[in-house]
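Asker:
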Amino acid sequence: SGSRLATGCGDKKLRFINAVSGKVEREVEHGDLVWCVAWHPFGAKVATGCGDKKLRLIDSVTGQVEQEVEHGCEVCCVAWHPSGSKLATGSADKKLRL
Numbered sequence: 003s004g005s006r007l008a009t010g011c012g013d014k015k016l017r018f019i020n021a022v023s024g025k026v027e028r029e030v031e032h033g034d035l036v037w038c039v040a041w042h043p044f045g046a047k048v049a050t051g052c053g054d055k056k057l058r059l060i061d062s063v064t065g066q067v068e069q070e071v072e073h074g075c076e077v078c079c080v081a082w083h084p085s086g087s088k089l090a091t092g093s094a095d096k097k098l099r100l
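Under the numbering used here, the first residue of the sequence shown is numbered 3, with each subsequent residue one higher.
1. Distance check for GLY74 and HIS42, CA to CA, integer angstroms please.
2. Compare the Cα-Cα distances from VAL67 to each of ALA49, GLU76 and LYS55 and report the closest residue.
3. Rounded to the nearest angstrom, what separates SER93 and LYS56 at their Cα positions?
4. Tell me, please, which residues DSSP counts as bridged to PHE44.
5. Going by beta carbon distance, what residues of the same chain come within less than 6 Å of LEU89, once the five residues before and after it are set aside?
6. Assign LEU35 to one of three DSSP states: helix, strand, or coil.
7. Does DSSP put GLN66 in a helix, in a strand, or in coil?
8. According to DSSP, which residues form a beta bridge with LEU16?
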């Protein structure tokens, strides 16, 4: 809906921010730098790629980590298929995963 932002940062946190007030609504700790963030097309969750070599799927309301997937290297980019049924990741080992 555009009312919230999700940001990853060098302080190892994912932040959900109210786009109107600018206030941080929730923070989610990660094991290393958060390199990338992608909202699910329907807004129910976000995917994060991290320097700790993990992809995380996080509930956008509760901030709970729903799933973690190990990669061989840092996860540098994430993108959802428009249907929300698939997720692509790219990592520092030059591999693309679906």
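Virtual Cβ for every residue (Gly too), placed ideally from N, Cα, C. Fair warning: this is a prediction, and the values are worked out from it, not measured in the lab.
Answerer: From the atom records:
1. Against the sequence shown, residue 42 aligns to sequence position 40. Against the sequence shown, residue 74 aligns to sequence position 72. Near 24 Å, if we compare the C-alpha coordinates of GLY74 and HIS42.
2. Here residue 67 refers to the residue found at position 65 of the sequence shown. Nearest of ALA49, GLU76 and LYS55 to VAL67, Cα basis: ALA49.
3. Within the sequence shown, residue 93 is the residue found at index 91, counting from 1. Within the sequence shown, residue 56 is the residue found at index 54, counting from 1. Answer to the nearest angstrom: the Cα atoms are 10 Å apart.
4. Position 42 of the sequence shown, counted from the first residue, corresponds to residue 44. Paired residue(s): none; PHE44 is not in a bridge.
5. Reading the sequence shown from its first residue, position 87 is the one you call residue 89. Here the set comprises ALA49 and TRP82.
6. On the sequence shown, residue 35 is found 33 positions in, with the first residue counted as 1. Coil.
7. In the sequence shown, the residue the question calls residue 66 occupies position 64. Correct three-state label for GLN66: coil.
8. Here residue 16 refers to the residue found at position 14 when the sequence shown is read from its first residue. Its beta-bridge partners are GLY10 and VAL30.
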